[in-house]
C-alpha cells in the first residue's frame, strides 16, 4: 500500500498543503508545534474517519477560518494498493453558520462519489504508534478497546458492520431502560433491542477473541526477541461476561472476567449474551445502563503471568507495547496481503537504544513508513540514507537537501 499524494485544506494548522510521498521511509523533521503530527493525524483520519487526538471533528478545522460563514476543512489522499489502481479518498468537514443554528456535516467521497464511512474504511490502512500508547498497558479499558476496534475495522468488514450496529443500538437500549424506570415504557419493548444487541455484540466478541489469539502469537515472537526469551508476554481478553461452551445441555457463565474460553463463534455467543441481558434486566432498569457487553470488555497484558499494568516496570511496559504494535503491523499484513502504512509519532526518541534498533530493523520491507521527530541524530546513518527527510516549519513542508 502506498499513499501517492496528500492534500490538506484548512486542516489543523495547515491552510493549504500539497505533499507527494515516495515509496520509502519518510522522516518529518522539525520543532514542536510546527505541523508534523497533523500530517499523521490526517492520514489516520482518512483511514478510519476518526482522529486519534480528539473526539470533536470540529476541532480539526483551521482556527483562521472559524469566523467564516461556512468554515470547512478538506482532506484528500491518492492511494495505491495491490487490488486496485490509484483511488482518491476525500473527507470534507463543514460548519454551516448561515441557518441560525450552526450545523456540522462530514462528507466522505471515493473517486468523487459520495460514500458511507464503512464503504471506504479499509481502502487505506494504517498502524499508528504514539508515545501515549503506553496507555495500552497503564490506561483505561477504553484505550485497549479502541486499539482492538481500530485494527479490526480496517481489516474485517463484518466486524465493522457489527460494531457500527452495536454502537447505534446500545444508546437506544439505554434510553429505553430509563423510560421503563420512569414508567413511560414497558419491559416487553426490550425484546427487540436485546435481540439486536445480542447478535451484533456476539459478532464483536467473537471477532476480538480470534484477533487476540492470532495477535498474541505474533507479539510473543517480538517479545521473545526483545527480552532474549527471559520473559513471556500473554494477552488476556476479559469480556464483561464470559460465554462458555454448553455443559449438560445448559448454558453456563463465568462472570469473573477470567480468560477461560478464548474462541467461540458468534452463533454460540449470541444466545448466551441474550440470556445475560435478561438476567441483568432488573438491575439495568434500576441503573439505566446496559451492564454487560463489548462496551465493557477488557484486555490485559501479562508478563510472566503477572498483570503488567499492575506489577510491571516502565521498561516492561515499553517492551510489551512495542511488541504489540509491531504484531499489529504484521497481523494486518497477513490479513491484507500487503503492508499497511506505518505512522510513528515521536516514538523513536522515546525508546532506548536497544528498542530503537529493534524497531528500525523491522521497518525494512514495510512499504511506507512516516516518522516524526525533533532529532535526526537518533536515527542511524543507514536508515537516513534510505529515507526521504522533510523539514516542517510553521505548516510548510520542504524536502531537506542535507542532513
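Numbering (our numbering), first residue to last: 2 to 404. Ideal Cβ positions, reconstructed from N, Cα and C, are used throughout, including at glycine.
Per-residue burial, residue i [other beta carbons within 10 Å of its own, 16 or more giving buried]
| i | result |
| --- | --- |
| residue 312 | exposed |
| residue 310 | buried |
| residue 55 | exposed |
| residue 64 | exposed |
| residue 189 | exposed |
| residue 351 | buried |
| residue 183 | exposed |
| residue 382 | exposed |
| residue 71 | exposed |
| residue 399 | exposed |
| residue 19 | exposed |
| residue 130 | buried |
| residue 42 | buried |
| residue 370 | buried |
| residue 37 | buried |
Backbone CA spacing between residue i and residue j [nearest angstrom]
| i | j | result |
| --- | --- | --- |
| residue 210 | residue 235 | 14 Å |
| residue 67 | residue 104 | 13 Å |
| residue 117 | residue 109 | 7 Å |
| residue 69 | residue 93 | 16 Å |
| residue 176 | residue 3 | 44 Å |
| residue 73 | residue 49 | 19 Å |
| residue 81 | residue 180 | 50 Å |
| residue 296 | residue 264 | 18 Å |
| residue 401 | residue 79 | 23 Å |
| residue 260 | residue 294 | For residue 260, the predicted structure reports a pLDDT of 43, less than 50, and the residue's modelled location is therefore unreliable. The matter cannot be settled from this model. |
| residue 22 | residue 7 | 8 Å |
| residue 334 | residue 198 | 31 Å |
| residue 11 | residue 58 | 13 Å |
| residue 325 | residue 24 | 25 Å |
| residue 216 | residue 340 | 16 Å |
| residue 98 | residue 242 | 46 Å |
| residue 354 | residue 307 | 26 Å |
| residue 316 | residue 228 | 11 Å |
| residue 364 | residue 17 | 30 Å |
| residue 89 | residue 273 | 43 Å |
| residue 142 | residue 238 | 11 Å |
Sub-8 Å separation of residue i and residue j beta-carbons
| i | j | result |
| --- | --- | --- |
| residue 212 | residue 149 | yes |
| residue 32 | residue 375 | yes |
| residue 322 | residue 343 | no |
| residue 299 | residue 147 | no |
| residue 160 | residue 171 | no |
| residue 61 | residue 13 | yes |
| residue 76 | residue 125 | no |
| residue 269 | residue 240 | no |
| residue 132 | residue 281 | no |
| residue 87 | residue 5 | yes |
| residue 15 | residue 52 | no |
| residue 127 | residue 44 | yes |
Own chain partners of residue i with C-beta closer than 8 Å, once the 5 adjacent residues on each side are dropped
| i | result |
| --- | --- |
| residue 195 | 174, 275, 278, 279 |
| residue 349 | 357, 360, 361, 372, 374, 379, 380 |
| residue 138 | 302, 309, 310, 313, 318, 321, 322 |
| residue 122 | 48, 49, 50, 154, 155, 161 |
| residue 289 | 175, 178, 179, 182 |
Nonlocal neighbours in the same chain, by C-beta distance under 6 Å from residue i, ignoring five residues either side
| i | result |
| --- | --- |
| residue 200 | 271 |
| residue 106 | 95 |
| residue 232 | 304, 305 |
| residue 163 | 201, 204, 205 |
| residue 267 | 203, 204, 207 |
| residue 253 | With a pLDDT of only 33 at residue 253, under 50, the local geometry of the prediction cannot be trusted, and no value is derived from it. |
| residue 91 | 77, 110 |
Beta-carbon proximity list for residue i, same chain, < 7 Å, skipping 5 on both sides
| i | result |
| --- | --- |
| residue 285 | 178, 291, 292 |
| residue 394 | 31, 35 |
| residue 151 | 49 |
| residue 338 | 83 |
Chain B within 8 Å of residue i, Cβ atoms only
| i | result |
| --- | --- |
| residue 110 | In the structure shown, chain B cannot be found, because there is only a single protein chain. |
Assess contact between the segment 383–395 and the segment 21–32, defined as three or more Cβ pairs (one per stretch) separated by less than 8 Å. Is contact present? The segment 383–395, when compared against the segment 21–32, does touch it at the 8 Å Cβ threshold.
The segment 211–225 in contact with the segment 326–340 per 3-pair CB rule at 8 Å: Counting Cβ pairs under 8 Å, three or more are found: they touch.
Do the segment 202–209 and the segment 155–168 meet, that is, are 3 or more Cβ pairs less than 8 Å apart? Contact holds between the segment 202–209 and the segment 155–168, because three or more Cβ pairs, one in each stretch, are under 8 Å apart.
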